[in-house]
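The structure appears right after this line, and notes come after that.
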Amino acid sequence: MTHYFKGKKQSIGRKILIPFTFQGLTLEFYSYSSLFSGREVDLGTRLLLEQIEVPDEGKVLDIGCGYGVIGITIAKLNPKLIVYMTDINPLAVKITKYNAKINGVSERVVILQGNLYEPVKNMKFNGIYSNPPLSAGMDIVKEIVLNAKKYLTNNGIAQFVLARGGEYLSREASKIYSYVKVIRKKGYTILKLKP
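Using our numbering, you'd call the opening residue of the sequence shown number 197 and step up by one each time.
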């Protein structure tokens, strides 16, 4: 994902407050206009959250977390979970830490900077979730989706939302996952995968 974010000094844009309501929860997220969907929670993320299956306990991962909407929402939905969130962009990591604090979940989330699964390379998760960065290219998205299996517990679940490439990635996933469910909604593909 290094070509997606080069680590150069970036123009961060304006800091924006984004209110978000989900399943009766009211959350607030700060973002910067320079981050993906930096002005509002995007439709793909909303659709993924509508379909999300969250384990009763254990550890879950939000990979490519952006400003933290998926991981922080999961932490609010189930206080028994420890939620890991990773992103290569230091600005995203910084604002996610702030968002975890203002939404009252900072004691149950671990936010790490790094490329793809590198920050959690020796871990297993009960759930892995992502709205992968299509702007990084299909090779990166494919790596996020297909490599999730290596980081799932035997009964874990991985869920991804894709604006493009859903048909291709569902075919590729069916070669390595024992369970592949495809949901198509409003132009997006949501994949639910089990090892």
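Backbone N, C-alpha and C fix where the C-beta goes; we use that ideal spot for every residue, glycine too.
Where residue i sits in the DSSP three-state scheme
| i | result |
| --- | --- |
| residue 307 | strand |
| residue 312 | coil |
| residue 226 | strand |
| residue 301 | coil |
| residue 283 | strand |
| residue 360 | coil |
| residue 197 | Legend: pLDDT at residue 197 = 42, less than 50; position of this residue unreliable, value from coordinates given subsequently. Coil. |
| residue 247 | helix |
| residue 290 | helix |
| residue 343 | helix |
| residue 421 | The chain is shown only over 197 to 391; residue 421 falls outside these bounds and no answer can be derived. |
| residue 320 | coil |
| residue 351 | strand |
| residue 335 | helix |
| residue 276 | coil |
8 Å contact criterion, which residue i and residue j should meet: CB distance rounded
| i | j | result |
| --- | --- | --- |
| residue 348 | residue 369 | About 12 Å separates the two Cβ atoms, so there is no contact after all. |
| residue 244 | residue 340 | Going by Cβ atoms, the distance from residue 244 to residue 340 rounds to 13 Å, so no, they are not a contact pair. |
| residue 272 | residue 308 | 20 Å between Cβ atoms; not a contact. |
| residue 226 | residue 212 | 7 Å |
| residue 236 | residue 214 | 6 Å |
Residue i burial status per 10 Å Cβ neighbour count (16 or more: buried)
| i | result |
| --- | --- |
| residue 275 | exposed |
| residue 355 | buried |
| residue 285 | buried |
| residue 328 | buried |
| residue 202 | Interpretation of residue 202 is limited by its pLDDT of 45, a score under 50 that renders its predicted location unreliable; the figure taken from the coordinates is listed afterwards. Classification of residue 202: exposed, given that the 10 Å Cβ count is below 16. |
| residue 375 | exposed |
| residue 331 | exposed |
| residue 365 | buried |
| residue 220 | exposed |
| residue 383 | exposed |
| residue 264 | buried |
| residue 198 | Note that residue 198 scores 39 on pLDDT, short of 50, meaning its location in the model is unreliable; the coordinates nonetheless yield the value given after this. Result: exposed. |
Contact check, residue i vs residue j, beta carbons under 9 Å
| i | j | result |
| --- | --- | --- |
| residue 240 | residue 358 | yes |
| residue 378 | residue 361 | no |
| residue 313 | residue 346 | yes |
| residue 251 | residue 372 | no |
| residue 343 | residue 391 | no |
### At least 3 beta-carbon pairs within less than 8 Å: the segment 264-273 vs the segment 287-299
yes
### Query
Three or more beta-carbon pairs under 8 Å between the segment 319-328 and the segment 284-295, yes or no?
no
### Query
Does the segment 280-290 come close enough to the segment 246-262 that 3 or more CB-CB pairs lie under 8 Å?
yes
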